[in-house]
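Written below as structure tokens is the structure these notes are about.
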Amino acid sequence: PQQPRSARSPQPGSMSNVFKGEFKVTTQSLMGKADVKKLRSSLQAEFPELTKKALDGILGKEEVGVLKCSNGSTLYVPGDGPAAFFDDGFGGVYPTLTTLWRIPDMMPELVTHAPVSKFLLPKDRSAGADMMLPGVIVPPEGLGPLELGQKRCIRVEGNKMPIAVGKMLVSAADVKGSGMKGKGMEVKHVYHDSLWAYSGRKVPNDGFLADQVVASEGAPPAAAAAAAAADESDEEEAEEEEEDAEEEAEEEAES
Numbered sequence: 090p091q092q093p094r095s096a097r098s099p100q101p102g103s104m105s106n107v108f109k110g111e112f113k114v115t116t117q118s119l120m121g122k123a124d125v126k127k128l129r130s131s132l133q134a135e136f137p138e139l140t141k142k143a144l145d146g147i148l149g150k151e152e153v154g155v156l157k158c159s160n161g162s163t164l165y166v167p168g169d170g171p172a173a174f175f176d177d178g179f180g181g182v183y184p185t186l187t188t189l190w191r192i193p194d195m196m197p198e199l200v201t202h203a204p205v206s207k208f209l210l211p212k213d214r215s216a217g218a219d220m221m222l223p224g225v226i227v228p229p230e231g232l233g234p235l236e237l238g239q240k241r242c243i244r245v246e247g248n249k250m251p252i253a254v255g256k257m258l259v260s261a262a263d264v265k266g267s268g269m270k271g272k273g274m275e276v277k278h279v280y281h282d283s284l285w286a287y288s289g290r291k292v293p294n295d296g297f298l299a300d301q302v303v304a305s306e307g308a309p310p311a312a313a314a315a316a317a318a319a320d321e322s323d324e325e326e327a328e329e330e331e332e333d334a335e336e337e338a339e340e341e342a343e344s
């Protein structure tokens with residue numbers, strides 16, 4: 090029997106960029122310390138390149154806000170800053186472009202040609218396209234371990250800063266069997282979408298133009314700033330861990 094519409098499994102196309110249109114923040118709250126630790130642990134487990142120091146530079150020591158949005162997504166916002174991560178509404182947590190511009194190598198990537206970026210960027214009320222495999226530049230060493238559902242970012246050849254983030258719709262076996270054909274990556278968040286606008290409409294270098302992204306050798310100041318902010322001594326880290334242990338002990342005593 091046909092399932093009720095609300096009970097059907099969402100199709101891949103329906104899970105593409107949830108920020109293709111405008112959204113509103115419907116509820117706001119603060120994460121408890123235990124939940125923040127769980128978030129940090131899950132992020133570091135999923136993104137090995139996201140070290141503790143790098144994550145400290147992103148989330149800092151401030152409280153993390155949880156913003157539930159009208160499009161079904163959830164934004165994780167440290168202090169008064171822009172959203173650092175988001176849940177797409179289907180259980181997947183991804184870094185925002187703001188975070189990727191600070192730590193551009195925190196996840197695997199797909200590289201494409203500058204003209205292809207025109208199709209990925211939203212414009213004229215168009216949501217922007219998903220990443221098609223024919224537009225992917227395959228390096229001599231290959232695309233690396235490629236798995237269905239793997240989270241990756243997209244960048245333009247000659248520009249180190251990502252332009253989009255999403256998840257793979259194919260595996261290495263799929264590519265080997267059918268070649269570089271069809272849709273390869275489902276875009277979740279891309280330059281010029283409503284989350285980018287909500288985050289302040291900033292750009293990481295002069296290659297990010299109004300209608301496309303092109304090569305740029307400009308220095309990524311945001312990445313350098315993040316590295317400086319995350320440069321903590323071992324002694325400071327030990328003090329933080331000791332403080333966390335004391336707080337946990339106090340919470341247990343109170344309960």
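Just so you know, we're using the numbering used here here: the sequence shown kicks off at 90 and counts up by one.
Backbone N, C-alpha and C fix where the C-beta goes; we use that ideal spot for every residue, glycine too.
It should be emphasised that the depicted structure is a prediction, and the values quoted were computed from it without experimental measurement.
- For the pair Thr188 and Lys270, the Cα-to-Cα distance works out to about 30 Å.
- Proximity to Gly231 across Ala253, Val264 and Ala134 peaks at Val264, based on C-alpha coordinates.
- In the displayed model, Leu164 falls within a strand according to three-state DSSP.
- The closest CA to that of Cys158, considering only Val107, Val205, Glu151 and Val182, is found on Val107.
- Each of Val155, Lys249, Asp213 and Lys109 was checked against the Cα of Trp190, and the nearest Cα belongs to Lys249.
- In this structure, Phe175 places its C-beta atom within 7 Å of the C-beta atom of Leu164.
- Under the 10 Å beta carbon count, Asp300 is surrounded by fewer than 16 other beta carbons and is classified as exposed.
- Linking Leu119 to Gly154 through their CA atoms gives a straight-line distance of about 4 Å.
- Residue range Lys122 to Glu135 is occupied by the alpha helix (DSSP H) that includes Glu135.
- Rounded to the nearest whole angstrom, the C-alpha separation of Leu148 and Gly180 is 20 Å.
- Within the DSSP secondary-structure output, Ser118 pairs in a beta bridge with Val155.
- Each of Gly161, Lys109 and Ala134 was checked against the Cα of Thr115, and the nearest Cα belongs to Gly161.
- The C-alpha of Val259 lies about 7 Å from the C-alpha of Glu236.
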